[in-house]
Amino acid sequence: MSSTPSSVENSGEQNAIAVTGHEPGAAGQEPVLSVRHLRVEFPTRHGTLVALDDVSFDIAPGEVLGVVGESGAGKSMTGNAVIRLLEPPGRIAEGEVHLSGRRIDDLPEERFVPLRGRHIGMIFQDPLTSLNPLFSVGDQLIETIRTHLPMNEREAREEALKLLREVGIPAPENRLDSYPHQFSGGMRQRVVIALALAARPEFIIADEPTTALDVSVQAQILALLKRLCADHGTAVMLVTHDMGVIAETADRVAVMYAGRLIEIGPVDEVVRNPQHPYTKGLMASIPGIEKRLERLYQIEGSMPRLAAIPAGCAFNPRCPHAQERCRVQRPDLMPAEGSLAACWLHDPVDPLPPRRGEAGEEMAHVR
Amino acid sequence: MLAFLIQRVLQAIFVMFVVALISFSLFHYVGDPVLNMLGQEATEADRAALRAQLGLDQPVVVQFWNFVVNAAQFEFGISYRSARPVTDLILERLPATLELATISAIFAVVMGILLGIYTALRRRSWLAHFIMTASLIGVSLPTFLIGVLLIYVFAVELGVLPAFGRGETVDLGWWDTGLLTTSGLRSLILPAITLGLFQLTLIMRLVRAEMLEVLSTDYIKFARARGLSKRVVNLRHALKNTMIPVITIIGLQLGTIIAFAIITETVFQWPGVGALFITAVRFVDVPVMAAYLMMIALVFVVINLVVDLLYYAVDPRLRAQGGGK
Ligand SMILES: Nc1ncnc2c1ncn2[C@@H]1O[C@H](COP(=O)(O)OP(=O)(O)OP(=O)(O)O)[C@@H](O)[C@H]1O
Ligand code: SF4
Ligand SMILES: [Mg+2]
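See the structure below:
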């Protein structure tokens, strides 16, 4: 078994952009993934849609970064952009992505292909559709292993068995030649995890890896993912709607809104003491997280469509604190208590005064 | 597997039975062969004798039973027109039609699949756009017009290929082939293109549509995310999934190639069973017509059976349902 690969050479030049410096948790080691000012555009007949706008974040080796936000916030888009599987005509228009210090967003496609699976893995939402129905599980595993590792058929088969055993498939010798439809949903997602981790990537993107599964197996699969990544020191970008999962699994949390990253910080800070008005509303709407509030709250209004993102802070039409400046000038991430928030309330130079009383309660309304 | 096979074979037999019924009813609804064969001057006794000889004096049910039993042994009686056994007539003409149909089918399937893959993978290239536009013409022009156009361009104007007939053929004893002589091969080109073009465009458009659909599935995205090369993703994973629905349609289309051969054979004066059928229709030669119908039906049924089995071989999900492990 090959150990953690280190073949991604360090390009030397480090883009030490302000944001990283403030980030608690990402300090010290060189990040395994570093995303800088990422902008993704979809040119359409009716103008250009900006699906991601100035998104920057780091993930340290072995770290789990939870990514949350409403449907359509750009969570999957971020993962797809990093692994460069954007649906055409979507494209990275600006920004940089660095993997273990090496810039990867500008590599020609043929040099990027070998990175997929080997250095960046990805797990999708639906295990029922992630596996090719016409190839046996063993075929798909062996093919993936042999793509990345110098093994012959027999060695790859051994390795495949080992992987299946590792992800908890009982009697893998008997299952290797089975086809995906012969596995249950939970077992298929285990196979998917085995495939994604087959070449021991140092970073994987897990896009709602348990959403499509039966509630009873969700926890098992998540625990498995968490254990494997901890064992191999794999960093994870975990996209999910489930705050419970975030609280349990993630080291840090990134909150997205309308294609922007609006708050990022250690999981305890963001969940217990959210700083951005949107995050406050989001956390307040989750039962059991904000214990102080006994009723369920919901943020009024809805997230803008990509074609109609307002100027300034994208959240301003829904924000109880919104003032003139919010409608004109876009806030960048700024240090706010234990995390970073993109909100003028936290402007270090000239903080905006909050409008009325306790933010979370004022802005929310009873469902 | 065995149950599946038996079920399909029973279905095939049922279809053949229905077609036999239709073919048989031709004998009763399409004119009186005896009048046609003997003309106005024959005596009543002559007619009765011929009727008895042809078995037309027996009860209908008996006649049908005889027809089915004979048909099952490839016995279709005597041609009203040439007074020779229908089976001989058909066997004489069959090689010409089968060679034409086979070459057309290979042309249509190979080119259709290749062009389908190309237009799906290079969707945005100008060549793909051009092929797609050209294929619209292929679909909308009637076969005889394509044939006439090809004759005009390649035979009349350029004079590079023969306009009609099979060219020289070689008699192998049981098979009269045009594939072994240059003139035979050259004679095949235009009719084969004419006959295959429609199927080619259909197959191409189908492969393209299926392939595009498969390329947007999660398992293809996951295959890419695992770092499999473009070639492996496109030609191993995507193509295999594309072929499942395509096999069915191609199978059905191949049957129609033999049926459509009637038109092509007429345009190119190709001495095949299609031309034989046209002549038979003109002279109300019912035994030949009936035999032709039965033959076409058999071709369709056999192809269908083969397609089902292929399908079964390609798709593991079907295998599991059919009582595998
Ligand atoms: N092919 C596309 N063309 C144009 N816009 C797209 C395309 N794919 C996605 N989008 C838009 O990009 C935005 C972000 O989508 P994304 O899939 O990243 O959302 P998400 O945060 O993952 O949501 P969910 O929780 O529903 O998965 C959405 O507004 C979506 O409508
Ligand atoms: S910047 Fe203004 S509008 Fe945006 S969240 Fe902060 S206070 Fe609200
Ligand atoms: Mg998503």
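Protein sequences, first through last, are from chains A and B.
Position one of the first sequence corresponds to residue -4 (our numbering), numbered consecutively onward.
Position one of the second sequence corresponds to residue 14 (our numbering), numbered consecutively onward.
Note that beta-carbon positions come from the ideal geometry of N, C-alpha and C, so glycine has one too.
Here the structure is a predicted model, which means the values were calculated and not measured.
Take Val246/B and list the residues in its own chain whose beta-carbon comes closer than 8 Å to its own, dropping the five residues that flank it on each side.
-> Short of 8 Å from the beta carbon of Val246/B, and not among the five residues preceding or following it, lie these beta carbons of its own chain, in chain order: Ile233, Ala236, Arg237.
Segment contact, 8 Å Cβ cut-off, at least three pairs: the region 206 to 225 of chain B with the region 114 to 128 of chain B | Counting Cβ pairs under 8 Å, three or more are found: they touch.
For ligand 1, which residues count as neighbours when the test is a C-beta closer than 6 Å to any heavy atom?
-> Selection output, chain order preserved: Phe37/A, Leu44/A, Ala46/A, Gly64/A, Ser66/A, Gly67/A, Ala68/A, Gly69/A, Lys70/A, Ser71/A, Met72/A, Glu82/A, Gly85/A, Leu301/A.
What do you reckon, is the C-beta of Val234/A under 7 Å from a heavy atom of ligand 3?
-> The answer is yes for Val234/A.
By how many angstroms is the C-alpha of Arg247/A removed from the C-alpha of Pro19/A?
-> A caution first: Pro19/A carries a pLDDT of 41, below 50, which makes its placement in the model too unreliable to give a value.
Can you find a CB in chain A that lies within less than 8 Å of the CB of Thr230/B?
-> Yes, because at least one Cβ of chain A sits closer than 8 Å to the Cβ of Thr230/B.
Identify, in the order they occur along the chain, each residue of the same chain with its Cβ nearer than 6 Å to the Cβ of Leu277/A, setting aside the five sequence neighbours on each side.
-> Answer for Leu277/A: no residue qualifies.
Just the Cα atoms here: how many angstroms apart are Arg111/A and Asp100/A?
-> Computed Cα separation, rounded: 13 Å.
In terms of DSSP beta bridges, what is Asp246/A paired with?
-> Per DSSP, none; premise fails for Asp246/A.
From Phe52/A to Arg31/A, what does the alpha carbon distance come to, in whole angstroms?
-> In this structure, the straight-line span from the alpha carbon of Phe52/A to that of Arg31/A is close to 7 Å.
So, does the CB of Phe235/B fall closer than 8 Å to a CB anywhere in chain A?
-> With its beta carbon less than 8 Å from one in chain A, Phe235/B belongs to the interface.
Anything in chain B within Cβ reach of His143/A, meaning under 9 Å, just list it in chain order.
-> For a Cβ distance threshold of 9 Å, residue set Arg239, Gly240 of chain B lies close to His143/A, ordered along the chain.
Among Gly180/B, Val31/B, Ser196/B, Ala121/B, nearest to Leu265/B - alpha-carbon criterion = Minimum Cα distance to Leu265/B is reached at Ala121/B.
Would you mind stating whether Ala306/A and Pro299/A have Cβ atoms separated by less than 8 Å?
-> Cβ atoms of Ala306/A and Pro299/A: not closer than 8 Å.
Pro348/A in three-state terms, based on DSSP | Secondary structure at Pro348/A: coil, using DSSP grouped into helix, strand and coil.
Assign His41/A to buried or exposed, taking buried as 16 or more other Cβ atoms, counted over all protein chains shown, within 10 Å of its Cβ.
-> Exposed, since its Cβ has fewer than 16 Cβ neighbours within 10 Å.
Determine, using beta carbons only, whether Thr244/A comes closer than 8 Å to chain B.
-> With 8 Å as the cut-off, Thr244/A does not count as an interface residue toward chain B.
Nearest candidate by alpha-carbon position, reference Ala189/A, set Asp237/A, Ala166/A, Gln135/A = In terms of CA proximity to Ala189/A, Gln135/A leads the group Asp237/A, Ala166/A, Gln135/A.
Is DSSP giving Pro272/A helix, strand or coil here?
-> In this structure, Pro272/A counts as helix in the three-state DSSP scheme.
Nearest to Ala272/B (by Cα), restricted to the options Leu107/B, Ala168/B, Leu193/B | Nearest of Leu107/B, Ala168/B, Leu193/B to Ala272/B, Cα basis: Leu107/B.
Chain-ordered residues of the region 124 to 140 of chain A with a beta carbon less than 9 Å from chain B = Thr124, Ser125, Leu126, Asn127, Pro128, Leu129, Phe130, Ser131, Gln135, Glu138, Thr139: these are the residues of the region 124 to 140 of chain A whose beta carbon lies less than 9 Å from some beta carbon of chain B, given in chain order.
Contiguous alpha helix (DSSP H) assignments of at least 4 residues, all confined to the region 71 to 133 of chain B = Whole alpha helix (DSSP H) segments, 4+ residues: 73 to 85.
Keeping to the same chain, check which residues put their C-beta closer than 7 Å to that of Phe5/B; ignore five residues upstream and five downstream.
-> In the structure as shown, chain B begins at 14 and stops at 338. Residue 5/B is therefore absent and cannot be evaluated.
Contact set between the region 78 to 110 of chain A and chain B, restricted to residues whose Cβ is under 9 Å from the partner = So the close ones are Ile78, Leu80, Glu82, Pro83, Glu104, Glu105, Val108, Pro109, Leu110.
Proximity of Gly209/B and Ala118/B at Cβ, strictly below 8 Å = In contact: Gly209/B and Ala118/B (Cβ atoms closer than 8 Å).
Identity of the residue in Ala207/A, Leu220/A, Ser95/A, Pro269/A nearest Gly163/A by Cα | Nearest C-alpha to Gly163/A: Leu220/A.
Is it right to say Ile12/B is buried, meaning 16 or more other beta carbons lie within 10 angstroms of its own, or is it exposed?
-> Any question about residue 12/B goes unanswered here, given that chain B covers just 14 to 338.
By DSSP, does Gly96/A sit in helix, in strand, or in coil?
-> Looking at Gly96/A - three-state DSSP - the assignment turns out to be coil, as it is neither helix nor strand.
At which residues does the beta strand (DSSP E) containing Arg31/A begin and terminate?
-> Arg31/A -> beta strand (DSSP E) spans 28 to 39.
Could you round the C-beta distance between Glu223/B and Thr255/B to whole angstroms and report it? I think they count as a contact, below 8 Å.
-> Rounded, the Cβ-Cβ distance is 5 Å, consistent with contact.
Would you verify that the beta carbon of Leu190/A is, or is not, closer than 8 Å to some beta carbon of chain E?
-> Protein chains in the displayed structure are A and B, and chain E is not among them.
Put Ile137/A into one of helix, strand or coil per three-state DSSP.
-> Ile137/A carries a helical assignment under DSSP once its states are collapsed to helix, strand and coil.
Return the chain-ordered list of same chain residues with a C-beta closer than 6 Å to the C-beta of Ala151/A, the five sequence neighbours on each side being excluded.
-> Non-local C-beta neighbours of Ala151/A in its own chain, meaning closer than 6 Å and more than five positions away in sequence, comprise Ile137, Ile140, Arg141, ordered along the chain.
Could you check what DSSP says for Phe198/A in three-state terms: helix, strand or coil?
-> Phe198/A sits in a strand when the DSSP states are folded into three classes.
Under the criterion of a Cβ to heavy atom distance below 7 Å, does Ala242/A qualify as lining ligand 2?
-> Ligand 2 never approaches Ala242/A closely enough for any of its heavy atoms to be under 7 Å from the residue's Cβ.
Does the region 326 to 343 of chain A touch the region 250 to 257 of chain A, meaning 3 or more C-beta pairs lie closer than 8 Å?
-> Put simply, the region 250 to 257 of chain A touches the region 326 to 343 of chain A. At least three CB pairs are less than 8 Å apart.
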